[in-house]
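Below: one structure, written as C-alpha cells.
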Amino acid sequence: MISFFNSWFPFIYLYVVGGIFFFSGMYIIKKSGAIDLTINRHRFWYKVMFWGYFYFVFLHAFLIIAALYF
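Per our numbering, the sequence shown runs over residues 9 to 78.
Right, dumping it as C-alpha cells:
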C-alpha cells in the first residue's frame, strides 16, 4: 500500500501552495483594477479561472483515488 506521503501529501502541497499564489494573484488582479467585473467578458473569464482551478483539484483527486483504490 502506498503511504500518505507518497500519494496525498504532494496533492495537498500542490493545491495549497499553488492555491495561495493563485488566489493572491486573483486578489491583486481585482484590487489593481486590471479586471472590470461590470463587463460580461471580464466576468466570464474571472469565473473560468476559478472554476478551472477547482476543476483540476477535483480531477486530480479523482485520478489519485482511482489509481489507489480501483
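Every residue, glycine too, gets a C-beta built ideally from N, C-alpha and C. No experiment lies behind these values; they were computed from the predicted model shown.
- Here DSSP, grouped into helix, strand and coil, assigns Leu71 to helix.
- When the five nearest sequence neighbours on each side are left out, no beta carbon in the same chain lies closer than 8 Å to the beta carbon of Phe13.
- In this structure, Leu76 lies near Ser15, with their beta-carbon atoms less than 7 Å apart.
- Looking only at Phe78, Ala74, Phe66, the smallest Cα-Cα distance to Ile20 is reached by Phe66.
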